[in-house]
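Residue numbers (full-length UniProt numbering), protein chains in the order written: chain A, 1 to 123; chain B, 1 to 123.
Even for Gly, the Cβ is constructed at its ideal location relative to N, Cα and C.
Predicted model only: the values in this text are computed from it and were never measured.
Beneath this line is the structure, given in structure tokens, with notes to follow.
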């Protein structure tokens, strides 16, 4: 099982790359054949190509991320975080609760994000 | 699918009953054959009898609960909450992130709680 520290490190790198990285970088945190369900209830994306497409769609948006609360149990994590999107005139914030599972090397094997459009706040 | 309101109502009733109710009350929020994994990585408990035993073990402790953040997606919820245990001289707090799945009637079909002993804080 990956250590708590290794899991926390992957979560922190993930949020840093969501803010400042490219899809190419983000997908390196995922294991082969990993899945993403974001938001919960949407179509499940599986594999590096599908995940790359998902992250590429908003890699150029100006944004910030912040980790608010992180809980680790076994080879899983749940965390509350803030995503602030800066579209010039308008700044909006979503604060998802995301869950992740990890492999032995603390690569992400699945990610699920709990949020809905009604959670989006204009700052 | 249960409505967001029905899911939020079950979550709020759950936290109220964890604080002020008995195991008999809490298990009524669960569907038959529901599962509990609390904390993540511990043995999976399944069915009303196993769940009753779980909640009965701490039903008489003096405690408070507070919902901090709730996210609903599809027939699932994730929430950050505070559990404050009052043992007379000592007050401790755990703030788990819990996830739940629900059936059509917004009864809980599974509950998983992300926390670990290192998250316990003495107040």
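What are the start and end residues of the alpha helix (DSSP H) that includes residue i?
| i | result |
| --- | --- |
| residue 10 (chain B) | 4–20 |
| residue 133 (chain A) | With chain A covering only 1 through 123, there is no way to say anything about residue 133 (chain A). |
| residue 124 (chain A) | Residue 124 (chain A) is absent from the structure shown; chain A starts at 1 and stops at 123. |
Are residue i and residue j touching if we call contact CB-CB under 7 Å?
| i | j | result |
| --- | --- | --- |
| residue 149 (chain A) | residue 7 (chain A) | Since the first and last residues shown for chain A are 1 and 123, residue 149 (chain A) lies out of range. |
| residue 48 (chain B) | residue 54 (chain B) | no |
| residue 43 (chain B) | residue 112 (chain B) | no |
| residue 61 (chain A) | residue 85 (chain A) | yes |
| residue 74 (chain A) | residue 74 (chain B) | no |
| residue 35 (chain A) | residue 110 (chain A) | yes |
| residue 65 (chain A) | residue 31 (chain A) | no |
| residue 80 (chain A) | residue 80 (chain B) | yes |
| residue 39 (chain B) | residue 106 (chain B) | no |
| residue 17 (chain A) | residue 24 (chain A) | no |
If the cut is a Cβ gap below 8 Å, which residues of chain A does residue i touch?
| i | result |
| --- | --- |
| residue 115 (chain B) | 71 and 73 |
| residue 39 (chain B) | 73 |
Below 7 Å on C-beta distance, what does residue i contact in chain B?
| i | result |
| --- | --- |
| residue 104 (chain A) | Per Cβ cutoff of 7 Å: no residues; residue 104 (chain A) is ~15 Å from chain B at best. |
Find the residues of chain A that neighbour residue i, judging by a C-beta separation of less than 9 Å, and give them in chain order.
| i | result |
| --- | --- |
| residue 80 (chain B) | 68, 69, 71, 78, 80 and 97 |
Between which two residues does the beta strand (DSSP E) carrying residue i extend?
| i | result |
| --- | --- |
| residue 114 (chain A) | 108–114 |
| residue 86 (chain A) | 76–86 |
| residue 67 (chain A) | 62–73 |
Using a C-beta to C-beta distance shorter than 8 Å, which residues of chain B count as neighbours of residue i?
| i | result |
| --- | --- |
| residue 119 (chain A) | 71 |
Just checking residue i against the ligand HEM - is the residue's beta carbon closer than 6 Å to any of the ligand's heavy atoms?
| i | result |
| --- | --- |
| residue 2 (chain B) | As presented, the structure is devoid of all ligands, the ligand HEM included, so that no description of it is given. |
Exercise for the section: Answer yes if the region 81–96 of chain A comes into contact with the region 105–121 of chain A, meaning at least three C-beta pairs across the two stretches below 8 Å, and no otherwise. Expected result: Cβ pair count under 8 Å is three or more, so yes.
Problem - Whole runs of the alpha helix (DSSP H) within the region 23–47 of chain A, excluding any shorter than 4 residues - result: Listed in chain order, they are 23–26.
Exercise for the section: Could you say if the region 11–21 of chain B and the region 68–81 of chain B meet the contact criterion of at least three C-beta pairs nearer than 8 Å? Expected result: Judged by Cβ distances under 8 Å, the region 11–21 of chain B makes contact with the region 68–81 of chain B, as three or more pairs qualify.
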